[in-house]
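Trainee: Dropping the structure in here first, questions after.
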Amino acid sequence: MRQPAADFAEAVLDVVAAIPPGKVMTYGDVAAVLGTRAARAVGNVMAWSGGDVPWWRVIRASGLPAAGHEERALARFEEEGTPLVATPDGYKVDLRLARHIP
DNA sequence: AAGTTGACTTTCG
DNA sequence: TCGAAAGCCAACT
């Protein structure tokens with residue numbers, strides 16, 4: 003199990019918790035706030051932290067949520083009124099409107 | 001110390 | 001516009 007360092011994980015969780023409802027940030031953006039490009043490491047922290055953080059507000063640059071967690075994320079997005087875009091395959095987040103810049 | 005893995009990003013064909 | 005390949009960073013074995 004890839005258990006991230008406490009300090010790194012803490013920093014990631016702090017940024018994620020700072021994202022307001024109805025908004026989202028890409029993994030790359032979160033990593034940038036931390037002063038690095040480790041988007042994958044950010045995702046790793048999310049997987050480790052699990053349900054204690056609004057992980058659905060952290061999505062990929064494509065506008066799609068975490069792989070394999072699209073349904074759960076969708077429920078949250080509809081609940082929070084996050085700007086979504088319908089796609090033939092399903093849906094995606096409208097990053098133009100929903101992207102949160104700290 | 002070196003290699004593998006991952007809820008990623010960006011570029012090239 | 002879509003799919004494949006390479007690139008990057010942090011953590012684990």
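Numbering-wise (the working numbering), the first sequence opens with residue 3 and increments by one.
Just so you know, even glycine gets a beta-carbon here, dropped at the ideal spot from N, CA and C.
Everything numeric in this text was worked out from a predicted model, so none of it was measured.
(1) To the nearest angstrom, how far is it from the Cα of phenylalanine 50 to the Cα of glutamate 12?
(2) Nearest-angstrom Cα distance between arginine 98 and glutamate 72?
(3) Between the Cα of arginine 4 and the Cα atoms of Ala20, Asp31, Ala34 and Arg42, which residue gives the shortest distance?
(4) Nearest CA to the CA of arginine 39: which residue from Phe10, Arg74 and Gly30?
(5) By DSSP, does alanine 88 sit in helix, in strand, or in coil?
Mentor: So, from the listed chains and residues:
(1) According to the sequence shown, residue 50 is tryptophan rather than phenylalanine. If you take the alpha carbons of tryptophan 50 and glutamate 12, they lie about 12 Å apart.
(2) In this structure, the CA atom of arginine 98 is about 19 Å from the CA atom of glutamate 72.
(3) Arg42
(4) Closest in alpha carbon position to arginine 39, among Phe10, Arg74 and Gly30, is Gly30.
(5) Residue state, collapsed to three classes: strand.
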